[in-house]
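Visitor: Each residue of the sequence shown is one higher than the one before, starting from 32 at the first, in the working numbering.
C-beta atoms are modelled at their ideal positions from N, C-alpha and C, and glycine is treated no differently.
Here the structure is a predicted model, which means the values were calculated and not measured.
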Amino acid sequence: MFTVHHHPQRISKYQLDQYLSQGWFRMGQSIFTCHFLYVQNNVYSTVWIRLNLHKHDWSKRQRKVMRRVENRFDVTVQKAVFDAEKERLYERYKTRFKEPIAESIDVSLMNGVDDNIYDTYEVAIYDDGQLIGASFFDLGVKATASIMGIYDPDYEKFSLGYYTMLKEIEFSTETGKDYYYPGYIVPGYERFDYKLRIGDVDYFSPETRNWKSFKENDIDTLLSEQLKRKMKGVFMRLQRRKIPVEMMFFPSPPMLFSLIDHVFISSPLCVLCHQKENEDYPLMIDYDAKENTFRLYRAGIVLKLLHETNNEDEMINEIMKYY
32 MFTVHHHPQR
42 ISKYQLDQYL
52 SQGWFRMGQS
62 IFTCHFLYVQ
72 NNVYSTVWIR
82 LNLHKHDWSK
92 RQRKVMRRVE
102 NRFDVTVQKA
112 VFDAEKERLY
122 ERYKTRFKEP
132 IAESIDVSLM
142 NGVDDNIYDT
152 YEVAIYDDGQ
162 LIGASFFDLG
172 VKATASIMGI
182 YDPDYEKFSL
192 GYYTMLKEIE
202 FSTETGKDYY
212 YPGYIVPGYE
222 RFDYKLRIGD
232 VDYFSPETRN
242 WKSFKENDID
252 TLLSEQLKRK
262 MKGVFMRLQR
272 RKIPVEMMFF
282 PSPPMLFSLI
292 DHVFISSPLC
302 VLCHQKENED
312 YPLMIDYDAK
322 ENTFRLYRAG
332 IVLKLLHETN
342 NEDEMINEIM
352 KYY
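1) Have a look at the DSSP bridge pairing and note the partners of residue 61.
2) By DSSP's criteria, residue 280 is part of a beta bridge. Which residues make up the other side?
3) Pull up the distance between the alpha-carbon of residue 42 and that of residue 149, whole angstroms please.
4) Within this structure, are the beta carbons of residue 253 and residue 74 separated by less than 7 angstroms?
5) Classify residue 287 as buried or exposed, calling it buried when 16 or more other Cβ atoms lie within 10 Å of its own Cβ.
6) Please report how far the alpha carbon of residue 223 lies from the alpha carbon of residue 324, in whole angstroms.
7) For residue 52, which three-state DSSP category applies?
8) Determine contact between the stretch 115 to 128 and the stretch 264 to 271, defined as no fewer than three beta-carbon pairs at a distance below 8 angstroms.
9) Tell me which residues share the same chain as residue 262 and place their Cβ nearer than 7 angstroms to its Cβ, disregarding the 5 neighbours each side in the sequence.
10) Grouping DSSP H, G and I as helix and E and B as strand, with all else coil, what is residue 129?
11) Who are the Cβ neighbours of residue 169 in its own chain at under 8 angstroms, not counting the five residues just before and after it?
12) Quick one: is residue 128 buried, meaning 16 or more other Cβ sit within 10 Å of its Cβ, or exposed?
13) So, with DSSP's three-state summary, where would you put residue 82?
14) Measuring CB to CB, does residue 82 end up less than 7 angstroms from residue 211?
15) Among 195, 96 and 190, which has the Cα closest to the Cα of residue 167?
16) Measure the alpha-carbon distance for residue 119 versus residue 165 and round it to whole angstroms.
17) Looking only at its own chain, which residues have a Cβ that is under 7 angstroms from the Cβ of residue 255, when we skip the five neighbours before and after it?
18) Taking all protein chains shown into account, decide if residue 132 is buried (16 or more other Cβ within 10 angstroms of its Cβ) or exposed.
19) Any chance you could list the beta strand (DSSP E) runs of at least 3 consecutive residues sitting entirely within the stretch 239 to 268, in chain order?
20) Going by other Cβ atoms of all chains shown within 10 Å of its Cβ, with 16 needed for buried, is residue 183 buried or exposed?
21) Would DSSP call residue 344 helix, strand or coil?
22) Hey, how far is the Cα of residue 85 from the Cα of residue 98?
23) If you reduce the DSSP assignment to three classes, tell me which class residue 43 lands in.
24) Evaluate residue 250 with the Cβ neighbour count: other Cβ atoms within 10 Å of its Cβ, from every protein chain shown; 16 or more gives buried, anything less gives exposed.
25) Using the rule of at least 16 other Cβ atoms within 10 Å of the residue's Cβ for burial, across every protein chain shown, is residue 354 buried or exposed?
26) For residue 227, count the other beta carbons within 10 Å of its own beta carbon; 16 or more makes it buried, fewer makes it exposed. Which is it?
27) Roughly how far, in whole angstroms, is the beta-carbon of residue 347 from the beta-carbon of residue 327, given that I think they are within contact range, below 8 angstroms?
28) Residue 230 and residue 87 - do their beta-carbons sit closer together than 7 angstroms?
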């Protein structure tokens, strides 16, 4: 599977540390991990990053941003309070986005429930008593996770979103934390690149399951690039053999796949192989980049695994048995 959710009834600070260290992150009142993001008709890799607070050096630019905000505005750091004032600020913040985002802070962080399973703190910025910026972050034993930052668009020139991340890092350092987790970035899709401004970050390698310097990250080795190369190779080879094929991204509204015998789709990019005598139930090939494994399914209302192998030639020969 390329996305996994857990829905714990409770989560301790120690458990949060463990999840974060393995490339998981909060979503509402659940916690999840993923390896791919499908956006603008393309598949990208999600790269989970963290800042090692023991190695972090504040830049002159970062200190300047912090002084500029703190010399002009009032700032508090405290246990998070989810109230109408912050929801009104969120409504103003939403106007910055063309694409849909969560309806409210409550929907985004609390899923409409009252009991927060996380130990959430906030940074709040006030201009003469008016809330103009806020962020929310969760505390573990030795780590913090930055969850959301919002601000009044009229104050955009003060870099309040960047400032709240820096303030969270300062708080994390002062309270003896080891790591600061801002979530993922998506190489090739710039929307999340602002997170790289916090310093020299490490990234989580899903292949080796450890953290490496982001400077070592090679875009050609990303799971999304491996996936696209493999799927394109299979697609072209089948096309040359006159097999009617098409590339399909997930999620794809026209086709819904369900669980059968604990089989899940492993990839957001698949190749469909059509058959005239079985058009409603085409063959489908996906590729698990983490496991270097091709899988062949019979698709339809349910999904049936027919064959799996890490050898592309073997997969091609297996498909040809059906033609």
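Guide: Well, looking at it:
1) Residue mapping note: residue 61 aligns to position 30 of the sequence shown, counting from 1. Beta-bridge analysis with DSSP links residue 61 to 58.
2) As a position in the sequence shown, residue 280 is number 249, starting the count at 1. Its beta-bridge partners are 300.
3) Counting from one through the sequence shown, the residue named residue 42 turns up at place 11. Counting from one through the sequence shown, the residue named residue 149 turns up at place 118. C-alpha separation (whole angstroms): 7 angstroms.
4) Counting from 1 along the sequence shown, the entry for residue 253 is found at position 222. Counting from 1 along the sequence shown, the entry for residue 74 is found at position 43. For residue 253 and residue 74, no; Cβs fall outside 7 angstroms.
5) Indexing the sequence shown from 1 puts residue 287 at position 256. Confidence at residue 287 is low in this model, with a pLDDT of 35, below 50, so its placement is unreliable and the value that follows should be read with caution. It is exposed - the Cβ of residue 287 has fewer than 16 other Cβ atoms within 10 Å.
6) The count along the sequence shown starts at 1 and reaches residue 223 at position 192. The count along the sequence shown starts at 1 and reaches residue 324 at position 293. The alpha-carbon atoms of residue 223 and residue 324 are separated by roughly 30 angstroms.
7) For the purposes of this step, residue 52 is taken as the residue at position 21 of the sequence shown. Helix at residue 52.
8) no
9) As a first step, residue 262 is located in the sequence shown; it is residue number 231 there, counting from the start. Correct list, in chain order: 278, 300, 302 and 318.
10) Start at 1 with the first residue of the sequence shown, and residue 129 comes out as number 98. In the three-state reduction of the DSSP assignment, residue 129 falls in the coil class, being assigned neither a helical nor a strand state.
11) Start at 1 with the first residue of the sequence shown, and residue 169 comes out as number 138. Counting only Cβ-Cβ distances below 8 angstroms, and skipping sequence neighbours, we find 47, 57, 149, 150, 151, 152, 175, 176 and 178.
12) Along the sequence shown, read from residue 1 onward, the residue named residue 128 stands at position 97. The residue is exposed, with fewer than 16 neighbouring Cβ atoms inside 10 Å.
13) Position 51 of the sequence shown, counted from the start, is the residue given in the question as residue 82. The answer is strand: DSSP assigns residue 82 an E or B state.
14) Translated into positions along the sequence shown, residue 82 becomes position 51. Translated into positions along the sequence shown, residue 211 becomes position 180. Yes. Within cutoff.
15) Residue numbering aside, residue 167 sits at position 136 when the sequence shown is read from its first letter. For residue 167, the nearest C-alpha among the options comes from 195.
16) Position 88 of the sequence shown holds residue 119. Position 134 of the sequence shown holds residue 165. In this structure, the straight-line span from the alpha carbon of residue 119 to that of residue 165 is close to 12 angstroms.
17) In the sequence shown, residue 255 corresponds to position 224, counting from 1. Hits under 7 angstroms: 67, 74, 75 and 76.
18) As a working note, residue 132 is residue 101 in the sequence shown. Flag for residue 132 reads exposed.
19) 241 to 244
20) As a working mapping, residue 183 is identified with position 152 in the sequence shown. When all chains shown are included, residue 183 counts as buried.
21) For the purposes of this step, residue 344 is taken as the residue at position 313 of the sequence shown. Note: residue 344 maps to helix in three-state DSSP.
22) Locating residue 85 in the sequence shown gives position 54, where the first residue counts as 1. Locating residue 98 in the sequence shown gives position 67, where the first residue counts as 1. The alpha-carbon atoms of residue 85 and residue 98 are separated by roughly 22 angstroms.
23) As a first step, residue 43 must be located in the sequence shown, where it is residue number 12. Residue 43: coil per DSSP, three-state reduction.
24) On the sequence shown, residue 250 is found 219 positions in, with the first residue counted as 1. Exposed, by the Cβ-count rule.
25) Your numbering for residue 354 matches position 323 in the sequence shown. Residue 354 should be labelled exposed.
26) Within the sequence shown, the letter at position 196 stands for residue 227. Counting Cβ neighbours within 10 Å, residue 227 comes out exposed, since fewer than 16 surround it.
27) Along the sequence shown, read from residue 1 onward, the residue named residue 347 stands at position 316. Along the sequence shown, read from residue 1 onward, the residue named residue 327 stands at position 296. Not quite, the Cβ-Cβ distance comes to about 10 angstroms (not below 8 angstroms), so this is no contact.
28) If you number the sequence shown from 1, residue 87 lands on position 56. If you number the sequence shown from 1, residue 230 lands on position 199. Against a cut-off of 7 angstroms, the Cβ pair of residue 230 and residue 87 comes out as a contact.
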